[in-house]
Amino acid sequence: MNPSHDERSGYLLILLGLFLAFRSALAIAPHYRQDWLLENVLVFIAIPLLIWHYRRLRFSHYAYTALFVFFCLHTIGAHFTYSEVPWNTWLTSLTGWDAMQALGLQRNPFDRAVHFSYGLLIVPAVAELIEARGPLRDLWRNLVPIMFIMSNSELYEMIEWQAAETFGGELGQAYLGTQGDIWDAQKDSLMAMLGAIMGLTVYRVFRPSGAMTR
Numbered sequence: 000m001n002p003s004h005d006e007r008s009g010y011l012l013i014l015l016g017l018f019l020a021f022r023s024a025l026a027i028a029p030h031y032r033q034d035w036l037l038e039n040v041l042v043f044i045a046i047p048l049l050i051w052h053y054r055r056l057r058f059s060h061y062a063y064t065a066l067f068v069f070f071c072l073h074t075i076g077a078h079f080t081y082s083e084v085p086w087n088t089w090l091t092s093l094t095g096w097d098a099m100q101a102l103g104l105q106r107n108p109f110d111r112a113v114h115f116s117y118g119l120l121i122v123p124a125v126a127e128l129i130e131a132r133g134p135l136r137d138l139w140r141n142l143v144p145i146m147f148i149m150s151n152s153e154l155y156e157m158i159e160w161q162a163a164e165t166f167g168g169e170l171g172q173a174y175l176g177t178q179g180d181i182w183d184a185q186k187d188s189l190m191a192m193l194g195a196i197m198g199l200t201v202y203r204v205f206r207p208s209g210a211m212t213r
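Here you go:
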């Protein structure tokens with residue numbers, strides 16, 4: 000059964016309220032304010048657009064929840080800068096397990112995890128948008144959302160590169176966040192693609208109700 004308009008609106012207002020509260024809390028004294036502003040440019044654009052076009056762009060609860068989780072992960076990365084998110088410190092304090100040492104990790108993998116999450120959590124909304132605008136045959140209805148995530152991820156890497164070239168210095172390096180890996184952009188894009196493949200597979204299995212309406 001599809002959720003009613005009131006149920007859908009109520010759920011989305013809860014998600015929006017939670018996200019705004021979370022983002023407001025982490026907007027207080029971020030570790031690097033200039034990098035925080037750069038990291039949030041696209042969020043400052045995306046959230047108002049989703050609200051503004053809600054009457055025409057209505058996704059399923061599944062897709063909206065996935066978007067909410069991704070924006071929260073990105074908010075954490077923007078607060079600390081991606082290369083300095085202390086996830087391992089949190090994990091060690093909670094469980095006593097030092098994942099960085101146990102897995103032999105030399106760089107903070109939080110940015111890679113969020114690139115994977117980009118594909119995993121954004122692809123449901125992409126799939127619903129594409130299907131609502133023009134239903135595709137089975138092969139293309141699965142390929143096009145993944146191709147969109149791949150191209151979008153590559154575009155973001157080019158934006159990062161240009162921003163680093165433009166601002167340079169500490170701010171450019173903080174925003175780029177390569178942590179010394181010359182193949183960082185390619186690996187980030189690969190993670191986004193793998194996330195999209197997994198995300199679309201899970202989405203097709205669950206087949207959420209209340210998918211996007213025109």
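Residue numbering for the sequence shown follows numbering that gives the first Met the number 0, beginning at 0 and increasing consecutively. Beta carbons are placed, not taken as given, at the ideal position from N, Cα and C, and that holds for glycine. Model, not experiment: these values are computed from the prediction.
Next on the checklist: Looking only at its chain, what residues have a beta carbon closer than 6 Å to the beta carbon of Trp86, apart from the 5 residues adjacent to it on each side?
Outcome noted: In the same chain as Trp86, and ignoring 5 residues on each side of it, the C-beta atoms closer than 6 Å to its own belong to Phe109, in chain order.
Checklist entry - Under 8 Å between the Cβ atoms of Asn151 and Leu199? => result In this structure, Leu199 does not lie closer than 8 Å to Asn151 by Cβ.
Checklist entry - Rounded to whole angstroms, how far is the Cβ of Pro134 from the Cβ of Tyr61, which I believe are closer than 8 Å? => result Between the beta-carbon of Pro134 and that of Tyr61 there is about 19 Å, and that puts the pair past the 8 Å contact cut.
Next on the checklist: On the criterion of 16 or more Cβ atoms from any shown chain inside 10 Å, does Ala57 qualify as buried, or is it exposed?
Outcome noted: In the sequence under discussion, the amino acid at residue 57 is Arg, which differs from the Ala named in the question. So Arg57 counts as buried.
Checklist entry - Hey, Leu175 and Glu153: beta-carbon distance below 8 Å or not? => result Going by C-beta atoms, Leu175 is not nearer than 8 Å to Glu153.
Checklist entry - If we count the other Cβ atoms within 10 Å of its Cβ and call it buried at 16 or more, is Ser116 buried or exposed? => result Its Cβ being crowded by 16 or more others within 10 Å, Ser116 is buried.
Item to check | Beta-carbon spacing of Gly95, Val84 below 8 Å | outcome: No, the pair does not count as a contact, with Cβ atoms beyond the cut-off.
Next on the checklist: The alpha helix (DSSP H) that contains Ala94, what's its start and end?
Outcome noted: Checking the sequence, you will find Thr at residue 94 rather than Ala. First-last of the alpha helix (DSSP H) with Thr94: 86-94.
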